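Protein chains: 2
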Amino acid sequence: MKFTAHIDVMPLKELLDPQGKAVTESLHNLGLASINQVRVGKHITLSLEAASQDEARNKTEEACKKLLANQVMESYTFEITEG
Amino acid sequence: MKFTAHIDVMPLKELLDPQGKAVTESLHNLGLASINQVRVGKHITLSLEAASQDEARNKTEEACKKLLANQVMESYTFEITEG
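Residue numbers (the numbering used here), protein chains in the order written: chain P, 1125 to 1207; chain E, 1125 to 1207.
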């Protein structure tokens, strides 16, 4: 069966996010003063073949841990959908 | 009222995504051969003050169009949650 994983990789809350800070300031300069606490991370989608939703979940977890997220600085969450 | 916007900015489907292709190959090299069609984009969260969900939606739309997404190469989707 074919599954799609939708993964978000975000900088840990405890860490400064300089890119997010730069974006916040740029938005203020563009007149959007009510926007704050911008954090910028990665959104990754991927297709995978697996026998079950559980297997798809395990493979996605492995991909996140081995390559997609640096767990020293980032946390990840994901959702698996069929198809 | 305070809202949070969860924004995904992804490369358009019609365009090659070299970063996604590199990630696909790396995952194969790590033994995850069943993973394909990796696409890498940005995930952005931000807080904003607005009188209503509609106003929060409009402001987020404006932020995406003016700064967060380059609509020549990227598409964006977002969700607004309260708090």
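Glycine residues also receive a C-beta, built at the ideal position from the N, C-alpha and C atoms. All of these numbers come straight from a predicted model, not from anything done at the bench.
### 3-residue-minimum beta strand (DSSP E) runs that sit fully inside the segment 1141 to 1204 of chain E, ordered along the chain
Here the runs fully enclosed are 1159 to 1173.
### Task
State the beta-bridge partners of M1134 of chain E as determined by DSSP.
E:S1199
### Query
Between C1188 of chain E and the rest of its own chain, which residues show a CB-CB distance below 8 Å, the 5 nearest in sequence each way excluded?
I1131, V1133, Y1200 and F1202
#### Entry: Residue burial classification, P1152 of chain E (beta-carbon count within 10 angstroms, cutoff 16)
Position check: residue 1152 of chain E holds His in this sequence, whereas Pro was assumed. That one is exposed.
### Query
Between the C-alpha atoms of S1171 of chain P and E1149 of chain E, what's the straight-line distance to the nearest angstrom?
S1171 of chain P and E1149 of chain E have their C-alpha atoms some 13 Å from each other.
### Query
K1137 of chain E and E1173 of chain E look like a contact to me (Cβ under 8 Å); what is the Cβ gap, rounded to whole Å?
Actually they are not in contact, since the Cβ atoms of K1137 of chain E and E1173 of chain E sit about 34 Å apart, beyond 8 Å.
### Task
Name, going along the chain, the residues of the segment 1170 to 1204 of chain P whose beta-carbon falls closer than 8 Å to a beta-carbon of chain E.
So the list reads L1170, S1171, L1172, E1173, A1174, K1183, E1186, A1187, K1190, L1191 and L1192, given in the order they occur along the chain.
### Task
Check whether the Cβ atoms of L1191 of chain P and K1166 of chain P sit closer than 9 Å, and answer yes or no.
no
### Task
Since I believe M1197 of chain E is in contact with P1142 of chain E (beta carbons under 8 Å), could you give me their beta-carbon distance rounded to a whole number of angstroms?
Not really, about 12 Å apart at Cβ, beyond 8 Å.
### Task
Check the Cβ of H1167 of chain P against every Cβ in chain E and list those closer than 8 Å, keeping chain order.
D1132, V1133, M1134, V1164, G1165, K1166 and H1167
### Task
Report yes if the C-beta distance between A1157 of chain E and I1204 of chain E is below 9 Å; otherwise report no.
no
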